[in-house]
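Here the working numbering is used: the first residue of the sequence shown is 151, the next is one more, and so on. Backbone N, C-alpha and C fix where the C-beta goes; we use that ideal spot for every residue, glycine too. Inspection log for the structure reproduced underneath, given as structure tokens.
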Amino acid sequence: MPIPYRFDPLGANNATLKNSATPGVCGCFTYLSTGRCNRSAMVMRGVYLYRNMAASMVVSSGGNAIETEINSGCRMLVYDGGSASGVAVNSNGSVYIHSGGSASGVAVNSNGVFYISNGAQITDVTLRRSGYLSALSGAKLGNLTISSAGYMNVYNGVSAMGVRMLPYCGMYVGNGGEAGQVDVASGASVFLGYGAKASNVVLSSGAYMYVSSGAQALAVTSAAGAVLGFVIQGGDTQTKLTITGEDGDFYMSNGTGCGFCLASGGIYVSYGGLALSTTVNYSGVMYLYFGAKASATVLNSRGGMYVYASGRALYTTVHYGASVTLDDGGIAEHTTIGSGAYISVADYSTALHTVIGSNAYMYVTNGAQATSTVLQQQATLSARQGCNVEHTTIGSGGNMVVSYFTTAKHTTIGSGGNMVVSSATAVQVDVASGASVFLGYGAKASNVVLSSGAYMYVSSGAQALAVASAAGAVVSSAGGAIIEYVE
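Below, the structure is given as structure tokens:
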């Protein structure tokens, strides 16, 4: 029988021994940095891989490596039928688990790398600070812990079940990948790409999850303060999302999302998508564009909504500290702006049937349009740069400023209300007792009706035409002003 000795560790002439390690067939092998095999056995325990000693290990069918430590520049390869347990991968060390191989009790330490190929099975893996794990087609992973700054990629055909994510780590699930029973701590992040699936996900306060179009996240439990981002797109039959939170349940399917409460992060609704009964809190933001719609949205303090490119927001309620921005053709209808909130309407966007509450603001600029607006006590509307403002009602203490080539039509100013027109046009202005109109340089107002007790001032270079002034109304002007009364 060939007997191994120091110059021929595999046996004389590399002969194959029955039930012994055979290169490329079975067993465990360690190699020097020169590529020469220096040790072989069916089972190896406590191997320490170091560049100046044994630099690599190969585990083939039937081989079992126990308590192996892989250091900088060293690597372990586990092939079909091979297994490894109690593996520690240190900085710049690497482990490759190939199809049919298995590993358990793996610790991937700082800057260690762990690759899992198709068909491999891995359990009880801990990714420590800056450790990296990448799993490819057909791999199965179970009971994983990702520590601070650790990161894991899950790709096509990979299943990762029982994932515990500690603060400030990350996980990406790509097309065809699946993750289940995932606990996400504060500061940790989960990204689901197109075609990815995640289920039974628990998001702690401060955790983050983003769901791409075409991904599915089911049975998600979200704590107050968790951050979510996702896209609602019309005609999308692939993206699905079900969330249970402290403020109720949310679902998204077939391009429609209903009942979501967003603490922070973003909701993106596009291409005919529909968001119903959404609540946006804190620093959360909703985006509508390309024909998307949102109805019955509530924006609370620091919540925001952006409506672009034919997006449409219906029956939106905006509370203190929140805001709505319409840009590039966005549309808002039946919007209520509460005290301390504001709405901005810019770049040919349109606001219809808007109520501006006490100490709230509305800004209309650059060709935008505001129709049927009500300014309540101490509310302010500013319109400038070629806008159209029609059918505006100004309440007590309300202020409306129209400037720079803007046109205001059919304005009603209640007692205590105020309107300022400068380098702009006002048509059909009704001014109640106790209300006032100021026409600055370059202003032109026509069909002005002044009730008894109303006040109008016309500056030099301004025009007030077709003025109907009741007894008791007060009109004053500067030199160079033009005033024409109705006979």
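Count the other CB atoms within 10 Å of the CB of residue 362; is the residue buried (16 or more) or exposed (fewer)?
buried
How far does the beta strand (DSSP E) with residue 378 in it extend, from its first residue to its last?
Residue 378: member of the beta strand (DSSP E) spanning 377-383, first to last residue.
Please go through the same chain and pick out, in chain order, the residues whose beta-carbon is closer than 6 Å to the beta-carbon of residue 341, but skip the five residues on each side of it.
322 and 360
What residue range does the beta strand (DSSP E) around residue 440 cover?
It is not in any beta strand (DSSP E) - residue 440 carries neither H nor E in the DSSP assignment.
Could you check where the beta strand (DSSP E) with residue 197 kicks off and where it finishes?
Looking at the DSSP string, residue 197 is not in any beta strand (DSSP E), and its letter there is neither H nor E.
Where residue 115 falls: helix, strand or coil (DSSP):
With the chain covering 151 to 637 only, the question about residue 115 has no answer from this structure.
For residue 384 versus residue 441, is the C-beta spacing smaller than 9 Å?
yes
Per DSSP, cross-strand counterpart(s) of residue 185:
Beta-bridge pairing links residue 185 to no other residue.
Start-end ranges of the beta strand (DSSP E) lying completely within the region 297-359, minimum 3 residues:
301-304, 309-315, 320-323, 328-334, 339-342 and 347-353
Count the other CB atoms within 10 Å of the CB of residue 621; is the residue buried (16 or more) or exposed (fewer)?
With a threshold of 16 other beta carbon atoms within 10 Å, residue 621 falls short and is exposed.
Express the C-alpha separation of residue 547 and residue 467 in angstroms, rounding to a whole number.
Rounded to the nearest angstrom, the two C-alpha atoms are 22 Å apart.
Expressed to the nearest angstrom, what Euclidean distance is found between the alpha-carbon atoms of residue 290 and residue 500?
52 Å
In whole angstroms, give me the CA-to-CA distance for residue 252 and residue 233.
5 Å
Determine the direct distance from the alpha carbon of residue 268 to that of residue 158, and round the result to whole angstroms.
Note that residue 158 scores a pLDDT of 42, beneath 50, so its modelled location is shaky; the value from the coordinates is reported in the next line. Going from the Cα of residue 158 to the Cα of residue 268 covers about 35 Å.
If I follow the unbroken beta strand (DSSP E) through residue 500, where does it start and stop?
500-506
If we call anything under 9 Å between Cβ atoms a contact, is residue 346 one with residue 357?
no
Check residue 286 in the structure and name its three-state DSSP category.
coil
Suppose the cutoff is 6 Å on Cβ atoms and the five residues either side in sequence are ignored; what does the same chain contact list for residue 307 look like?
287, 288 and 326
Any idea if residue 366 is buried or exposed, counting beta-carbon neighbours within 10 angstroms, 16 or more meaning buried?
So residue 366 counts as buried.
Could you tell me the boundaries of the beta strand (DSSP E) in which residue 627 lies?
Counting along the chain, the beta strand (DSSP E) containing residue 627 begins and ends at 624-627.
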